[in-house]
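Chains G, F, H and U, in that order, give the protein sequences.
In terms of the working numbering, the first sequence opens at residue 17 and continues consecutively.
In terms of the working numbering, the second sequence opens at residue 17 and continues consecutively.
In terms of the working numbering, the third sequence opens at residue 17 and continues consecutively.
In terms of the working numbering, the fourth sequence opens at residue 17 and continues consecutively.
Even glycine gets a Cβ: it sits at the ideal position worked out from N, Cα and C.
Small disclaimer: the values here were computed from a predicted structure and weren't measured.
4 protein chains.
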Amino acid sequence: MGSIYGQNYRIAIFGESHSAAIGVEIEGVPAGARIDFAALQAFLARRAPGQDAYSTARREADAPEFLCGVKDGIATGAPVTAIIRNTDTRSKDYGNLANVPRPGHADYPAEVRFGGHQDKSGGGHFSGRLTAPLCVAGGIALQLLGRAGVTVQARAIRIGGETEPERMKAAIAAARAECDSVGGVVEAEVKGLPVGVGDPMFGGMENRIAQAVFGIPAVKGIEFGEGFAAAELKGSENNDPYGIVSGNVAPLSNHAGGILGGLSTGAPIVFRVAFKPTPSIGKEQDSVDMSARTPAKLVVKGRHDPCVVLRAVPCVEAAAAIAVYDALLERKKEL
Amino acid sequence: MGSIYGQNYRIAIFGESHSAAIGVEIEGVPAGARIDFAALQAFLARRAPGQDAYSTARREADAPEFLCGVKDGIATGAPVTAIIRNTDTRSKDYGNLANVPRPGHADYPAEVRFGGHQDKSGGGHFSGRLTAPLCVAGGIALQLLGRAGVTVQARAIRIGGETEPERMKAAIAAARAECDSVGGVVEAEVKGLPVGVGDPMFGGMENRIAQAVFGIPAVKGIEFGEGFAAAELKGSENNDPYGIVSGNVAPLSNHAGGILGGLSTGAPIVFRVAFKPTPSIGKEQDSVDMSARTPAKLVVKGRHDPCVVLRAVPCVEAAAAIAVYDALLERKKEL
Amino acid sequence: MGSIYGQNYRIAIFGESHSAAIGVEIEGVPAGARIDFAALQAFLARRAPGQDAYSTARREADAPEFLCGVKDGIATGAPVTAIIRNTDTRSKDYGNLANVPRPGHADYPAEVRFGGHQDKSGGGHFSGRLTAPLCVAGGIALQLLGRAGVTVQARAIRIGGETEPERMKAAIAAARAECDSVGGVVEAEVKGLPVGVGDPMFGGMENRIAQAVFGIPAVKGIEFGEGFAAAELKGSENNDPYGIVSGNVAPLSNHAGGILGGLSTGAPIVFRVAFKPTPSIGKEQDSVDMSARTPAKLVVKGRHDPCVVLRAVPCVEAAAAIAVYDALLERKKEL
Amino acid sequence: MGSIYGQNYRIAIFGESHSAAIGVEIEGVPAGARIDFAALQAFLARRAPGQDAYSTARREADAPEFLCGVKDGIATGAPVTAIIRNTDTRSKDYGNLANVPRPGHADYPAEVRFGGHQDKSGGGHFSGRLTAPLCVAGGIALQLLGRAGVTVQARAIRIGGETEPERMKAAIAAARAECDSVGGVVEAEVKGLPVGVGDPMFGGMENRIAQAVFGIPAVKGIEFGEGFAAAELKGSENNDPYGIVSGNVAPLSNHAGGILGGLSTGAPIVFRVAFKPTPSIGKEQDSVDMSARTPAKLVVKGRHDPCVVLRAVPCVEAAAAIAVYDALLERKKEL
């Protein structure tokens with residue numbers, strides 16, 4: 017029951033790495049909203065594989081087909097469903113994985129969970145490929161948020177221990193050369209959100225964003241504002257004093273990352289997301305034969321990214337946009 | 017809509033810092049389950065205020081009254097509701113805060129969100145006091161998990177930059193002496209969970225635990241396994257190889273923190289939670305008069321913890337237990 | 017998981033007939049909303065037992081205590097929780113029922129479902145007494161709807177086969193004299209709802225109202241507009257033609273009961289609810305000893321209503337008000 | 017937010033009468049479950065149009081394409097999504113309806129709800145055509161239930177006031193000849209469900225089935241067991257006495273329709289559903305021009321059923337199966 021997110025902008029993601037298609041059903045796109053397909057396609061292109069030397073060579077058009085809910089670019093008010101055909105699947109590349117789980121992937125717990133019936137090739141429903149429909153839903157949310165004056169922007173701030181773009185790319189290239197992989201950190205900023213969006217306790221902006229962002233494969237941590245660094249500060253250092261800015265109450269600093277008590281403060285929401293190094297590496301690894309229950313060596317063939325962080329940047333924007341737009345609608349019904 | 021968590025072990029927390037009572041309604045306690053009230057009370061005592069020199073002097077019995085769902089210590093199958101009376105509220109201590117929001121607290125966004133109608137004294141529904149009913153629900157979940165062979169244990173691993181217990185306490189004492197506060201990090205471990213618990217995408221163990229844990233006030237970050245450190249590792253370092261242990265498949269290391277693809281791997285689930293320094297400090301702070309929209313100085317009087325981290329340890333256990341038990345029930349219906 | 021209803025005005029009902037208390041937690045009461053306690057109490061009085069010769073002699077104050085979410089009669093925006101103490105329980109009256117299920121009651125399936133741990137006396141969580149917290153939540157919803165120009169009114173239109181008030185009362189009195197009971201039909205009307213409230217498919221006004229109304233014990237049927245009689249009509253008879261009324265589009269008749277495609281049409285929502293005769297009767301009945309698995313005769317002692325229909329009238333209003341207000345909030349977030 | 021139903025077998029229906037495709041996403045098909053496509057197709061054929069002289073001439077293959085979640089006929093554990101292309105739409109037939117709402121259809125409230133952006137042709141998301149994906153999800157649920165020993169069977173018991181099959185068909189033919197339509201009643205029976213399935217209050221079997229069944233267009237009433245007739249009975253007549261049958265406790269009659277307190281009693285669940293006459297009739301009707309706000313005459317051209325009841329029979333089975341299987345899974349997690 018993990019494929020649905022949201023109460024007001026509710027998305028249901030479906031598909032597997034090598035099924036006929038993947039896609040998303042969205043409830044909550046307001047009737048009459050224009051969907052800018054060109055802008056959406058440009059957004060999707062940012063996560064698409066095969067763009068440059070730094071990501072996987074698997075090439076797919078990844079152009080979503082909208083099955084319903086949109087007519088002449090305008091939302092009808094009915095659920096919007098878009099699918100993306102899986103055209104270039106080469107499942108044979110994964111054939112040898114069926115019985116030897118890849119370290120760092122979901123293969124082994126999925127085998128137990130689904131009794132061996134899960135689509136083993138390419139990660140099945142756990143595949144990073146499922147971030148494509150996430151980005152379809154997120155790309156639409158970004159457009160809807162944009163019209164409400166809210167922007168979401170993310171960027172890689174660390175890859176393979178490097179913080180400068182050129183050095184990040186060099187780290188990726190080095191990892192590729194070693195048949196290894198690197199991880200990194202993405203930082204995102206949500207601007208323009210009114211004060212008081214979010215709900216107490218389990219409905220806070222941190223809870224909502226975290227629940228969405230951990231839906232992106234390889235995410236292992238999230239922190240808001242000072243985050244883990246706040247644990248080292250004193251209250252007098254970490255508290256954001258208030259002042260009057262342009263006649264309005266506003267926090268004068270933003271250690272809180274724009275959230276207090278789960279509610280938006282009017283300052284930008286700032287959060288960082290930790291991505292582990294992509295587990296698909298070319299190096300030989302120790303694994304097991306799950307049937308025989310014997311040790312086995314594994315060499316993962318096929319195409320893989322030495323680093324998912326760059327492609328994950330729009331995914332973080334998408335997940336955040338979905339969470340923020342859902343929270344904004346929740347707030348709206350009280351107004 | 018933020019006060020409800022869970023689909024299978026569903027809790028609805030209610031109350032405000034100075035309302036007549038606080039409490040929790042729980043659906044999903046199995047009929048026939050024994051609730052060990054003594055063990056529950058001992059668990060609640062760990063978060064209760066006024067235990068030692070290091071926490072707030074506010075003293076309350078915090079003994080929950082069970083209104084329904086339990087008879088002679090045995091769950092009846094009906095919803096379990098427990099309340100805790102607010103007996104020692106001294107709301108006058110907070111009187112001067114009504115119009116001058118405390119930096120670092122929810123006061124200002126709550127004022128906007130609730131149009132000034134929220135219970136301003138003591139944080140209202142945002143109060144750390146609401147962790148008492150969280151611990152009631154979590155304490156029961158811990159008992160139910162324990163009978164299924166699953167344990168949850170947390171401890172403070174950093175306070176005020178210190179990692180040794182005695183130095184942590186010294187850091188708290190120093191903060192108190194300065195009318196300031198310190199934050200810290202709590203690490204938790206869930207042991208004994210079967211392989212394959214959790215759901216793909218938004219229902220993963222990370223998503224579930226994060227959504228619950230961010231419901232504890234002052235939490236600003238969460239990471240699983242290597243967490244943010246994983247971003248610095250290579251795939252070959254971060255992947256956990258598999259081996260055969262006692263005849264079973266098992267990861268031979270635990271960089272993943274016991275979770276892959278959102279599913280439990282059989283290794284302990286390990287996560288760390290960052291707590292900001294408690295925002296209630298005795299030092300004078302810059303704030304504003306929200307009505308007059310003029311700057312104002314604020315000195316928060318009354319009782320406050322210079323550090324919530326020690327009392328937060330059982331809260332982290334409670335939140336994790338609720339999330340894990342809910343996921344375990346989700347899994348059960350497939351078996 | 018049946019005790020929670022709604023997405024936007026979400027109620028969680030708890031308690032058992034003979035537990036310490038029963039009550040309801042409500043999320044979604046707008047901050048700043050005034051709760052008219054006198055009006056609420058007057059509403060609750062309509063379902064309270066012991067009012068006249070026609071209902072049970074069990075007398076309880078049934079005055080809810082509001083634990084939180086309301087301050088000086090104004091909603092704070094936090095969840096509102098109200099409890100009603102069970103003061104007059106006489107559980108001994110039900111002692112002989114523990115092992116011999118009452119025909120027409122939930123006793124037997126509840127025994128199986130809850131493994132014999134359910135509170136057997138007085139129906140436990142299945143008791144009609146749980147309609148008291150339903151009416152607390154519904155009474156508040158009625159007030160909130162009233163301020164939006166929406167009214168909900170129900171009345172008994174049939175009792176024991178009679179349609180005239182005096183003859184209905186006579187039928188009840190006759191049933192009482194025979195140690196028997198009678199059922200009836202309640203008709204409700206929701207006026208003032210704007211056009212277009214409700215959602216397609218499973219979120220239609222019929223779906224929503226039915227899901228809430230079947231939460232009242234003893235309800236066995238619901239129909240909207242012409243209902244079952246529509247099955248006998250021709251399309252040309254049952255369709256409501258449109259006309260222009262006071263400058264606006266309006267249906268000129270109301271066979272549809274104010275709902276088309278699940279959406280409100282602007283005409284009053286009209287529905288009827290069938291109540292079975294109350295199963296608690298004084299006559300000797302055939303039952304079984306569940307332990308011995310042998311036939312047993314049962315005579316139910318204690319106090320019981322020969323007819324719940326009159327007391328159910330405000331319960332139908334409450335359930336409908338909760339459903340309608342929840343749908344109205346759902347609509348609001350699109351505006 | 018009306019297109020999703022269920023917590024454990026959760027379906028999300030999408031599509032519009034004239035969109036590119038319609039379909040359904042299903043979470044909760046157990047990994048390893050075989051889907052019998054031939055049996056599913058035979059089930060779908062029962063609701064398909066164009067089968068005989070009694071239903072609409074619109075002919076469509078209505079063969080679902082499974083996009084994911086099934087491999088070689090076996091469920092993988094990932095969400096199952098199936099789509100049906102809309103190949104024969106002839107939207108021009110509906111062109112003249114854009115501004116003149118059809119009496120008895122959702123056209124007018126949908127126009128208000130969706131601001132005129134809804135897909136007007138053929139009923140959009142309100143179209144009876146959406147029962148095709150309902151039947152896909154229901155057909156799979158029927159197979160899963162069947163393996164658990166539970167069957168669901170429905171049949172028309174009244175059409176146009178007639179109760180004999182031949183006379184029902186004659187009534188339909190007569191209505192067609194008059195360019196009119198007739199309604200009817202479908203009765204369904206669920207057999208083999210264990211005792212104690214369902215949840216108290218809003219999660220009762222009646223609540224669940226009603227919420228699902230009102231998702232079928234044209235349904236205006238539902239009753240369980242004696243239903244509205246129970247309102248005319250005495251308690252001593254309506255109560256089902258218990259006896260020992262084959263060594264087990266069992267109700268000796270079934271006035272309750274297999275449900276007490278929302279829980280299954282072990283007796284068959286019996287319910288009846290009232291269908292209004294299909295609102296699409298060839299006769300001239302009074303309507304309005306919504307833009308001009310002037311009266312208008314309407315003649316609906318194109319193909320329409322003079323009676324949907326026969327095609328609705330499998331839809332009732334589908335809706336009931338979805339509700340019952342969802343409830344069964346809910347129960348399973350307690351075992």
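| query | Under the DSSP definition of a beta bridge, which residues are partnered with residue 258 (chain F)? | reply | F:267
| Under a three-way DSSP split, which group does residue 252 (chain G) fall into? | helix
| task | Leaving aside the five residues before and after residue 312 (chain F) along the sequence, list all residues of the same chain whose C-beta is less than 6 Å from its C-beta, in chain order. | result | 116, 303, 304, 305
| Buried or exposed: residue 73 (chain U), going by 16 or more other Cβ atoms within 10 Å of its Cβ? | Low confidence applies here, because residue 73 (chain U) scores a pLDDT of 48, under 50, leaving its location unreliable; read the following figure in that light. Per the 10 Å Cβ criterion, exposed.
| field | Nearest-angstrom Cβ-Cβ length linking residue 98 (chain G) and residue 40 (chain G), presumed shorter than 8 Å | value | 6 Å
| query | From residue 145 (chain U) to residue 88 (chain U), what does the alpha carbon distance come to, in whole angstroms? | reply | 28 Å
| request: Run the CB neighbour count on residue 333 (chain U), radius 10 Å, all protein chains shown included, and call it buried at 16 or more, exposed below. | output: buried
| task | Tell me residue 91 (chain G)'s beta-bridge partners as DSSP assigns them. | result | G:86
| query | Alpha carbon to alpha carbon, what distance is there between residue 131 (chain F) and residue 254 (chain F)? | reply | 49 Å
| message | Looking at the secondary structure, which residues open and close the alpha helix (DSSP H) in which residue 148 (chain U) lies? | response | 147-163
| query | Under the three-state reduction of DSSP, which class applies to residue 125 (chain F): helix, strand or coil? | reply | helix
| query | What does residue 48 (chain F) reach in chain H if we use C-beta pairs closer than 9 Å? | reply | 130, 131, 132, 133
| field | Best match in U:94, U:292, U:227, U:340 for proximity to residue 322 (chain U) [C-alpha to C-alpha] | value | U:292
| Within chain F, the residues that residue 350 (chain U) reaches when beta carbons sit closer than 7 Å | 46
| message | Within 9 Å of any Cβ in chain F, is that where the Cβ of residue 238 (chain G) sits? | response | yes
| Which of helix, strand or coil does DSSP assign to residue 51 (chain H)? | It is coil, neither helix nor strand.
| Distance between residue 248 (chain F) and residue 47 (chain F) (C-alpha atoms, nearest Å) | 48 Å
| query | Within the 9 Å Cβ cut-off, does residue 290 (chain G) reach chain F? | reply | yes
| What is the DSSP secondary structure of residue 73 (chain F), counted as helix, strand or coil? | Any reading at residue 73 (chain F) must be qualified, since the residue scores a pLDDT of 48, below 50, and its modelled position is unreliable; the value itself is stated next. Coil.
| said: Suppose contacts are defined by Cβ-Cβ distances below 9 Å. Is residue 33 (chain G) in contact with residue 138 (chain G) by that definition? | reply: yes
| query | Does the beta-carbon of residue 25 (chain F) have 16 or more other beta-carbons within 10 angstroms, so that it is buried, or is it exposed? | reply | buried
| request: Just list the beta strand (DSSP E) runs in the region 163-242 of chain G, keeping only unbroken ones of 3 residues or longer that don't cross its boundaries, in chain order. | output: 167-175, 200-207, 235-240
| said: Strictly under 9 Å for the Cβ-Cβ distance: is residue 94 (chain H) near chain G by that measure? | reply: By this cut-off, residue 94 (chain H) is an interface position.
| said: Do residue 270 (chain U) and residue 286 (chain U) have their beta-carbon atoms positioned less than 9 Å apart in this structure? | reply: Yes, the pair counts as a contact, with Cβ atoms nearer than the cut-off.
| query | With 9 Å set as the bound, which would you pick, yes or no: does the beta-carbon of residue 317 (chain H) sit closer than that to a beta-carbon of chain U? | reply | no
| request: Can you give me the Cβ contacts of residue 141 (chain G) inside the same chain, cut-off strictly under 6 Å, excluding the 5 residues immediately before and after it? | output: 32
| field | Beta-carbon contacts of residue 211 (chain H) that lie in its chain and below 7 Å, excluding the five residues immediately before and after | value | Around residue 211 (chain H): 280, 281, 282.
| field | Beta-carbon proximity of residue 52 (chain H) to residue 227 (chain H), cut-off 9 Å | value | no
| message | At the level of alpha carbons, what is the spacing between residue 114 (chain F) and residue 266 (chain G)? | response | 17 Å
| Thinking C-alpha only, which one of G:22, G:38, G:331 is nearest residue 155 (chain G)? | Nearest to residue 155 (chain G) by C-alpha distance, out of G:22, G:38, G:331, is G:331.
| query | Who are the neighbours of residue 23 (chain G) on chain H, taking C-beta pairs under 7 Å? | reply | When 7 Å is used as the limit between beta carbons, residue 23 (chain G) is near these residues of chain H: 23, in chain order.
| request: State whether the region 215-232 of chain U contacts the region 231-238 of chain H, with contact taken as three or more CB pairs (one from each stretch) at a distance under 8 Å. | output: yes
| query | residue 103 (chain H): buried (16+ other C-beta within 10 angstroms of its C-beta) or exposed? | reply | exposed
| task | Answer with yes or no whether the minimum CB distance from residue 231 (chain U) to chain G is below 9 Å. | result | no
| query | Under the three-state reduction of DSSP, which class applies to residue 311 (chain H): helix, strand or coil? | reply | DSSP places residue 311 (chain H) in strand when its eight states are reduced to three.
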